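Written below as structure tokens is the structure these notes are about.
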Amino acid sequence: MFNRSETMSGAAVLAGATLVGLGLAVAVAGCSATRFAADQTADVLAIAAPALDQESDVELARAAAPGQLKTVEGFYLASPENQVLITILAKGYCEYTFGFLENDIEVLTMSGRVDDAVPLVKRATGLYQRCMGYGLKLLGGSWAKSFAGDIPSLLARIEKVDDADMVPGLFYTALGLASTVNLNRDNIDLILYMPIAEALFEKVVKLDPGYYDGGSFMALGLAYVALGEALGGKERVAQGKAHFEEAIRRTGGKYLIPKVLFAVGYGRATNNVKFFHDTLVEVLETPPSIWPEKRLANELAHIRARRYLALEKEWF
Numbered sequence: 005m006f007n008r009s010e011t012m013s014g015a016a017v018l019a020g021a022t023l024v025g026l027g028l029a030v031a032v033a034g035c036s037a038t039r040f041a042a043d044q045t046a047d048v049l050a051i052a053a054p055a056l057d058q059e060s061d062v063e064l065a066r067a068a069a070p071g072q073l074k075t076v077e078g079f080y081l082a083s084p085e086n087q088v089l090i091t092i093l094a095k096g097y098c099e100y101t102f103g104f105l106e107n108d109i110e111v112l113t114m115s116g117r118v119d120d121a122v123p124l125v126k127r128a129t130g131l132y133q134r135c136m137g138y139g140l141k142l143l144g145g146s147w148a149k150s151f152a153g154d155i156p157s158l159l160a161r162i163e164k165v166d167d168a169d170m171v172p173g174l175f176y177t178a179l180g181l182a183s184t185v186n187l188n189r190d191n192i193d194l195i196l197y198m199p200i201a202e203a204l205f206e207k208v209v210k211l212d213p214g215y216y217d218g219g220s221f222m223a224l225g226l227a228y229v230a231l232g233e234a235l236g237g238k239e240r241v242a243q244g245k246a247h248f249e250e251a252i253r254r255t256g257g258k259y260l261i262p263k264v265l266f267a268v269g270y271g272r273a274t275n276n277v278k279f280f281h282d283t284l285v286e287v288l289e290t291p292p293s294i295w296p297e298k299r300l301a302n303e304l305a306h307i308r309a310r311r312y313l314a315l316e317k318e319w320f
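Sequential numbering from 5 applies to the sequence shown in the working numbering.
Here it is in structure tokens:
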């Protein structure tokens, strides 16, 4: 038999345990409710995201994008496994950096203010790495660890991928990586990873060639013409041309960014001033509204086309 003090002590312990259990239950329920709310909001954010793509006012879009990204990132913290949120963030960080920061870097470097561009290059590199980081989260598993390993093993792993569901992760990992390398061409340690980016894009082409409006073709076009015919070889440059043409074909020529990059990349790689000039003029004669869903990108394409045309005599 228990004496009175033992009974009271046991009751106290039981009561304490019950309170702890209730506290944990409430905490778990709160966590679940927060995650549920974030997951429900993710679908709304995915529906709303194209509003920025359709914006015609470049400065308005530039001012709005960072706030939108940080809002989505807040929901991501509440539900870190949500693939919709992760995809929005991967896409958003790469597009914001390319559309606005790289434009600023070009303006500075092309006007001779190279030193002023250095901190901006560092910032852009960090944001591209965020894009890549979210891409790796989409891939999941041990992919991040594979990227920290040796390059041959990573290439072999990429080659074995045959799941189309992995395409978003493959694409944004490649886009963030390739963009990082492109901004830091004087860094030999990063240059070594360009074949990885190319392998990822090539895998996307095999699994889902239409993903991101054929964006992998555009990226491969850029990569293949980057060294020009003298260093890259005529065959590789010709492959780059074919990739650009496929990217343009897939959007019926309504997406102007591939045309601008084609004009500059292939035009300069082959020293073809006529192709360079005519393609950029064609871009500027095409209204950005030709594809309402990509209005912002087309407006940005016009900005770049005008700047590149002004450099024609300097480049050729």
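Virtual Cβ for every residue (Gly too), placed ideally from N, Cα, C. In this text, all values refer to a predicted model and were calculated from it rather than measured experimentally.
Checklist line | Endpoints, alpha helix (DSSP H) assigned at R308 | finding: Start at 1 with the first residue of the sequence shown, and residue 308 comes out as number 304. From DSSP, the alpha helix (DSSP H) with R308 extends over 299–314.
Checklist line | Supposed close pair Q58, L300 - CB separation, criterion 8 Å | finding: Working through the sequence shown from its first residue, we reach residue 58 at position 54. Working through the sequence shown from its first residue, we reach residue 300 at position 296. About 7 Å separates the two Cβ atoms, so the contact holds.
Item checked: Validate contact between the region 177–190 and the region 124–135 using beta carbons, cut 8 Å, 3 pairs -> Touching, per the Cβ criterion.
Note to self: Going by C-alpha to C-alpha distance, which of Y100, T290, V277 sits closest to L260?
What the structure shows: As a first step, residue 260 must be located in the sequence shown, where it is residue number 256. Nearest C-alpha to L260: T290.
Next item on the list: Would you decide whether E206 is buried or exposed? Buried here means 16 or more other CB atoms lie within 10 Å of its CB.
Entry: Your numbering for residue 206 matches position 202 in the sequence shown. With 16 or more other Cβ atoms within 10 Å, it is buried.
Check: Pairing CB atoms from the region 95–110 with CB atoms from the region 141–159, are three or more of them under 8 Å?
Finding: Cβ pair count under 8 Å is below three, so no.
Check: When the distance is taken between beta carbons, is C135 closer than 9 Å to K95?
Finding: The residue given as residue 95 occupies position 91 in the sequence shown. The residue given as residue 135 occupies position 131 in the sequence shown. It is a contact, given that the beta carbons lie within the stated cut-off.
Check: Do Y228 and V241 come within 9 Å of each other at the CB atom, strictly closer than that value?
Finding: For the purposes of this step, residue 241 is taken as residue 237 along the sequence shown, with counting starting at 1. For the purposes of this step, residue 228 is taken as residue 224 along the sequence shown, with counting starting at 1. Yes, the pair counts as a contact, with Cβ atoms nearer than the cut-off.
Next item on the list: Determine, using beta carbons only, whether K245 and Y270 come nearer to each other than 9 Å.
Entry: The residue you call residue 245 lines up with position 241 of the sequence shown. The residue you call residue 270 lines up with position 266 of the sequence shown. Yes, these two residues count as a Cβ contact at 9 Å.
Notebook entry, point to check: M114 to F320, Cα distance in whole Å?
Noted result: As a position in the sequence shown, residue 114 is number 110, starting the count at 1. As a position in the sequence shown, residue 320 is number 316, starting the count at 1. Taking the straight line from one Cα to the other gives about 15 Å.
Check: Under a three-way DSSP split, which group does L93 fall into?
Finding: For this step, residue 93 is matched to residue 89 along the sequence shown. Helix, per DSSP.
Notebook entry, point to check: Buried or exposed: N275, going by 16 or more other Cβ atoms within 10 Å of its Cβ?
Noted result: Indexing the sequence shown from 1 puts residue 275 at position 271. Exposed.
Item checked: N302, buried or exposed, once every other Cβ within 10 Å from all chains shown has been counted against 16 -> On the sequence shown, position 298 is the one that residue 302 refers to. The residue is buried, with at least 16 neighbouring Cβ atoms inside 10 Å.
Item checked: Counted within 10 angstroms of its Cβ, other Cβ atoms place E99 as buried (16 or more) or exposed -> For the purposes of this step, residue 99 is taken as residue 95 along the sequence shown, with counting starting at 1. Buried, by the Cβ-count rule.
Note to self: Suppose you measure from the CA of V17 to the CA of L81; what does that come to, to the nearest Å?
What the structure shows: Residue 17 sits at position 13 when you count from the first residue of the sequence shown. Residue 81 sits at position 77 when you count from the first residue of the sequence shown. The pLDDT assigned to V17 is 42, lower than 50, so where the model puts this residue is not dependable; a value taken from the coordinates is nonetheless given after this. V17 and L81 have their C-alpha atoms roughly 36 Å apart.
Item checked: Whole-angstrom distance between A148 and R308, CA atom to CA atom -> Walking along the sequence shown from the start, residue 308 turns up at place 304. Walking along the sequence shown from the start, residue 148 turns up at place 144. Whole-angstrom Cα-Cα distance: 34 Å.
Next item on the list: Measure the alpha-carbon distance for N86 versus N191 and round it to whole angstroms.
Entry: As a working note, residue 86 is residue 82 in the sequence shown. As a working note, residue 191 is residue 187 in the sequence shown. Straight-line Cα distance between these residues: approximately 34 Å.
Item checked: Same chain, Cβ closer than 8 Å to L196, five either side skipped, listed in chain order -> Looking up residue 196 in the sequence shown gives position 192. Around L196: I155.
Notebook entry, point to check: What did DSSP end up calling W319 once you bin it into helix, strand or coil?
Noted result: Within the sequence shown, numbered from 1, the residue matching residue 319 stands at position 315. When DSSP states are grouped into helix, strand and coil, W319 belongs to the helix group.
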